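Structure first, commentary second.
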Amino acid sequence: MEEKYNYDDIERFAKGKLDEEELADFKQKIQQDQELKEEADFYGEVVDVFRLKGMIKDADAELDKAGFFNTAAPSPTKSNPLKPLGRRILAYAATISILLIATAFLYSNLTYSNAALASLDAAELGLDLDDTGMRSGEAAADAFADGIASLSAADYAAASRFFETITPENEAYTQAQLYLAFAHYKQNNYADAAESAQKATPALDAATRQKAEWVLLNSLLRINRVNEFQELLAQIAANNDHRYQEAAKELEQNLNSPWRSLVF
Amino acid sequence: MKLTHSKKDWIRRIRQKDKKVVQELYEAHYKPCSAIILRDGGTVEDAREVFQEALFSLLVKAQNPDFSIRSNLKGYLYRTCFNIWVKMKREQRKYESTDKVLNDLPDQDGIPEKQEQEERYLLLNDCIKKASPACQKLLELSYYTDMIDEKIAEAMNYTKLFVRNKRRRCMKALRACMGVVK
Numbered sequence: 005m006e007e008k009y010n011y012d013d014i015e016r017f018a019k020g021k022l023d024e025e026e027l028a029d030f031k032q033k034i035q036q037d038q039e040l041k042e043e044a045d046f047y048g049e050v051v052d053v054f055r056l057k058g059m060i061k062d063a064d065a066e067l068d069k070a071g072f073f074n075t076a077a078p079s080p081t082k083s084n085p086l087k088p089l090g091r092r093i094l095a096y097a098a099t100i101s102i103l104l105i106a107t108a109f110l111y112s113n114l115t116y117s118n119a120a121l122a123s124l125d126a127a128e129l130g131l132d133l134d135d136t137g138m139r140s141g142e143a144a145a146d147a148f149a150d151g152i153a154s155l156s157a158a159d160y161a162a163a164s165r166f167f168e169t170i171t172p173e174n175e176a177y178t179q180a181q182l183y184l185a186f187a188h189y190k191q192n193n194y195a196d197a198a199e200s201a202q203k204a205t206p207a208l209d210a211a212t213r214q215k216a217e218w219v220l221l222n223s224l225l226r227i228n229r230v231n232e233f234q235e236l237l238a239q240i241a242a243n244n245d246h247r248y249q250e251a252a253k254e255l256e257q258n259l260n261s262p263w264r265s266l267v268f
Numbered sequence: 006m007k008l009t010h011s012k013k014d015w016i017r018r019i020r021q022k023d024k025k026v027v028q029e030l031y032e033a034h035y036k037p038c039s040a041i042i043l044r045d046g047g048t049v050e051d052a053r054e055v056f057q058e059a060l061f062s063l064l065v066k067a068q069n070p071d072f073s074i075r076s077n078l079k080g081y082l083y084r085t086c087f088n089i090w091v092k093m094k095r096e097q098r099k100y101e102s103t104d105k106v107l108n109d110l111p112d113q114d115g116i117p118e119k120q121e122q123e124e125r126y127l128l129l130n131d132c133i134k135k136a137s138p139a140c141q142k143l144l145e146l147s148y149y150t151d152m153i154d155e156k157i158a159e160a161m162n163y164t165k166l167f168v169r170n171k172r173r174r175c176m177k178a179l180r181a182c183m184g185v186v187k
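See below:
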């Protein structure tokens, strides 16, 4: 059966193998014949597709020959890129870092916390805790002596009870309040310590007054009454006659230390 | 390995059927595409087949004179590989489709949507794959390798006349597959 068209020409057209004259002639024909144009277009597409596929197939074959597909395959699981030695060094470095950080935290909290900075002892306060054991029979005086004896024995609760019995009318009242403040402080009752210390600050003698201020200052630090604390601290640090001026300045310095940032 | 030429050069070389550029595309983009298949239980052969299909899709797009690529060729190939692999697995009935990876990829790769010609090329490629092995080989020798009929006859153990007639029949079958029967 004879074909309607010359498929040799169509194929040569699709492959781009017609010479100039043949091409001009063929183009004229396809302009005049829609069906021929469709056939020519179709053959052109088939040739194009095979050429594209062929390029890919050739590239694939070349790369296969070069072992590309063996090396290009990714491993199923990602292995740790660090060698064992590197991992060990990293582990040691991490451990040392943690230890250093922990030490820093420990140091700062032991040395620069409010508790560390605001520690009081009887010697620092110059409190006379020597109990003669003698009682005069006078209630307030005996209570004071018993309070001293209790402080000396570190029985701060008992000491508090004795000192609380001494009323404001008694001349030893402000001093008793100082000792009471100390007793409260040692029982970690810082709010009560501050209150008692406050009552001791009107004392006539400078020593009692200044000791009471020092107990008050430390108590305020412990209970975080910041404004009152800072005001009193500045006052003491500025007073050249204050027995605790140097201690106040040192406290100021410690409070401004960078180690305070690690305190929790 | 990065493509050694600019995108414009690359497109021009594709249209000129420069074979080297295809190799460069393999070297630049095969590995991430193959990773999708290999990590999903596919073989190296599966990965190669999928990548070939993805490349074909890209090369077809590049034939369009209006084609220009603004960005993210890697993203396009990656997404195309995924789609082809999902389709393959679905056809093998081994796989429930998950689009979550697709959702992670940008919708716009800077590559235009399919044109009519591109649709035809992709359909034609499907029809070629469905054709008999003899037709596929004959047409490849005729239109890609560009062998003369005498050589094709020798290679396929046909007569020269048979080669011509067989080729004509194969092309008719492709036309029918494309939905244009004459």
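Line order of the protein sequences matches chains A and B.
5 is the number of the first residue of the first sequence in my numbering; add one for each residue after it.
6 is the number of the first residue of the second sequence in my numbering; add one for each residue after it.
The beta-carbon is built from N, C-alpha and C at its ideal position, and this holds for glycine as well.
These figures come from a predicted structure and were not determined experimentally.
Within chain A, partners of residue i - CB distance below 7 Å
i         : result
B:Arg-125 : Glu-49
B:Gln-57  : Ile-60, Asp-64
B:Val-168 : In chain order: nothing, as chain A lies at least about 12 Å away.
Beta-carbon neighbours of residue i, restricted to chain B and to distances below 8 Å
i        : result
A:Lys-19 : Tyr-148, Asp-151
A:Leu-52 : In the sequence on display, residue 52 of chain A carries Asp and not Leu. Ordered by position in chain B, the residues that pass the 8 Å Cβ test against A:Asp-52 are Gln-68, Tyr-126.
Cut-off 6 Å between Cβ atoms - residues of its own chain near residue i, not counting five sequence neighbours on either side
i         : result
A:Leu-129 : Lys-215
B:Thr-85  : Ala-59, Ser-62
B:Gln-97  : none
B:Leu-179 : Cys-132
Proximal residues to residue i (C-beta, below 8 Å), its chain only, five neighbours per side dropped
i         : result
B:Glu-155 : Lys-165
A:Ala-207 : Thr-178, Gln-179, Leu-182, Arg-213, Ala-216
A:Ser-261 : Tyr-116
B:Arg-169 : Asp-154
A:Ala-201 : Gln-181, Leu-182, Ala-185, Ala-216, Glu-217, Val-219, Leu-220, Ser-223
Reduced DSSP secondary structure (H/G/I, E/B, other) of residue i
i         : result
A:Asn-118 : helix
B:Thr-48  : coil
B:Met-152 : coil
A:Pro-262 : helix
A:Val-267 : coil
B:Phe-72  : coil
A:Pro-206 : coil
A:Ile-227 : coil
A:Asn-113 : helix
B:Gln-21  : coil
B:Gly-184 : coil
A:Glu-142 : coil
B:Gln-97  : coil
A:Gly-151 : helix
B:Arg-84  : helix
A:Arg-16  : helix
B:Glu-159 : helix
A:Tyr-96  : helix
A:Asp-245 : coil
B:Leu-129 : helix
A:Asn-10  : coil
B:Thr-164 : coil
Neighbouring residues, chain B, relative to residue i (Cβ below 9 Å)
i        : result
A:Asp-37 : Residues of chain B passing the Cβ test: none, with the nearest at roughly 13 Å.
A:Phe-30 : Under the 9 Å cutoff, chain B gives no residues; its nearest Cβ is about 18 Å from A:Phe-30.
Chain-order list of residues whose beta-carbon lies under 7 Å from that of residue i (same chain, five-residue window excluded)
i         : result
B:Lys-171 : Leu-143, Tyr-163
A:Ala-176 : Ala-144, Phe-148, Ile-170
A:Ile-14  : Glu-43, Ala-44, Tyr-47
Chain-ordered chain A contacts of residue i [CB-CB under 9 Å]
i         : result
B:Asn-130 : Val-53, Leu-56, Lys-57
B:Ile-133 : Val-50, Val-53, Phe-54, Lys-57
B:Phe-72  : Those within 9 Å of B:Phe-72 in chain A number zero; the least Cβ separation is about 14 Å.
B:Val-91  : Ordered by position in chain A, no residue passes the 9 Å Cβ test against B:Val-91, which lies about 19 Å from the chain.
Residues that residue i contacts on chain A, provided the C-beta gap is smaller than 8 Å
i         : result
B:Phe-87  : Those within 8 Å of B:Phe-87 in chain A number zero; the least Cβ separation is about 15 Å.
B:Gln-28  : Ala-63, Glu-66, Leu-67
B:Lys-79  : Those do not exist, as B:Lys-79 stays about 15 Å from chain A at its closest Cβ, beyond 8 Å.
B:Lys-24  : Met-59, Asp-62, Ala-63
B:Tyr-31  : Ala-63, Asp-64, Leu-67, Phe-72
B:Glu-145 : Phe-54, Lys-57, Gly-58
B:Arg-180 : Phe-46
B:Leu-60  : Ile-60
B:Leu-64  : Leu-56, Met-59, Ile-60
Proximal residues of chain B, C-beta to C-beta of residue i below 7 Å
i        : result
A:Tyr-11 : Arg-173
A:Phe-73 : Val-49, Arg-53
Residue i: CB within 8 Å of a non-hydrogen atom of the ligand MN
i         : result
A:Ser-112 : This structure does not include the ligand MN; it has no bound ligands of any sort.
Q. Is there contact here, the region 16-26 of chain A with the region 250-264 of chain A, by at least three beta-carbon pairs under 8 Å?
A. no
Q.
My parser needs the alpha helix (DSSP H) runs of 4 or more residues fully inside the region 162-197 of chain A; what are they?
A. 177-190
Q | Cβ contact (3+ pairs, closer than 8 Å) linking the region 146-162 of chain A and the region 24-32 of chain B | A | no
Q.
Going residue by residue through the region 24-58 of chain A, where are the continuous alpha helix (DSSP H) segments of at least 4 residues, counting only ones entirely within it?
A. 24-36
Q.
Can you confirm whether the region 155-166 of chain A touches the region 188-202 of chain A when touching is taken to mean that 3 or more C-beta pairs between the two stretches lie within less than 8 Å?
A. yes
(Q) Measuring CB atoms only, is the region 128-140 of chain B touching the region 60-69 of chain A, in the sense that at least three cross pairs come out at less than 8 Å? (A) no
Q: For the region 34-51 of chain B and the region 28-39 of chain A, state whether three or more C-beta atom pairs, one from each stretch, are separated by less than 8 Å.
A: no
Q.
Closer than 8 Å is the cut-off here; do at least three beta carbon pairs connect the region 14-26 of chain B with the region 235-252 of chain A?
A. no
Q: Give a yes or no on contact between the region 144-153 of chain B and the region 45-60 of chain A, applying the rule of three or more CB pairs nearer than 8 Å.
A: Flag = yes, the region 144-153 of chain B and the region 45-60 of chain A touch.
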